[in-house]
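Let me begin by presenting the structure, written as structure tokens, before commenting on it.
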Amino acid sequence: MFKRVKRILLVLVLLAFAASAYIAWSGLTGRDLPGPIRDAIGGGGEVVGSDAHFSGLKVTKGEDGRFDAAITVQNTGSTYQDVMITVSVFDGDQNVGTLMGTVTLKPNRSSSTDLFSADDYVAWTDAHVDLLRS
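The sequence shown runs -23 to -1, 1 to 111 under mature numbering (1 follows the signal peptide of the UniProt record, and there is no 0).
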């Protein structure tokens, strides 16, 4: 019985996420889709992203030997935003790790947040930041 309830809750969470992602990227919110960043920013190599409103990405080796990171995300809009952050780190053409996190932003404000990863830390050359806003 408990396993069934657990599965149902998991399915509902996944459906809610899928609906939120569809709404965010379909244009139903009335916001424009973010364009690519033309200039590289940040430290360990070239850092590009799907949204220009982030800064200060710092990727480090955590105490547990996995990737850790911190990033600052900005909200230039007039409403609260929930932002899901995904950072893919590469060594040349090879994806060597993924970091994730979420943050809720007040209107016209920025916030720093920590990102987590299940991937062991290795040397990396460049990264891609993806911000999914709702």
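For each residue, glycine too, the CB sits at the ideal point set by N, CA and C. Every value quoted in this text rests on a predicted model; they were computed, and no experiment measured them.
Paired residues, beta bridge with residue i - DSSP
i, result
"residue 77", "63 and 93"
"residue -20", "Answer by DSSP bridge pairing: none, since residue -20 is not bridged."
"residue 36", "46"
"residue 110", "60"
"residue 72", "67"
Pair within 7 Å by beta-carbon distance, residue i and residue j
i, j, result
"residue 82", "residue 92", "no"
"residue 87", "residue 63", "no"
"residue 66", "residue 104", "yes"
"residue 61", "residue 79", "yes"
Alpha-carbon spacing of residue i relative to residue j, whole angstroms
i, j, result
"residue 54", "residue -19", "38 Å"
"residue 69", "residue 99", "12 Å"
"residue 56", "residue 106", "22 Å"
"residue -14", "residue 59", "20 Å"
"residue 9", "residue 40", "Legend: pLDDT at residue 9 = 42, less than 50; position of this residue unreliable, value from coordinates given subsequently. Whole-angstrom Cα-Cα distance: 39 Å."
"residue 46", "residue 37", "6 Å"
"residue -21", "residue -12", "14 Å"
"residue 31", "residue -23", "44 Å"
"residue 44", "residue 74", "7 Å"
"residue 111", "residue 35", "24 Å"
"residue 102", "residue 109", "24 Å"
Sequence-distant residues of its chain with Cβ nearer than 8 Å to residue i (five each side left out)
i, result
"residue 7", "In this prediction, residue 7 has a pLDDT of 45, which is less than 50 and means its spatial position is unreliable; nothing more can be read from the coordinates."
"residue 33", "19, 47, 48, 49 and 89"
Contacts around residue i, its chain only, beta-carbon distance under 7 Å, and the 5 residues preceding and following it disregarded
i, result
"residue 84", "52, 54, 55, 56 and 57"
"residue 42", "97 and 98"
Cut-off 6 Å between Cβ atoms - residues of its own chain near residue i, not counting five sequence neighbours on either side
i, result
"residue -16", "none"
"residue 112", "Given that the chain is displayed from residue -23 to residue 111, the structure contains no residue 112 and the question cannot be resolved."
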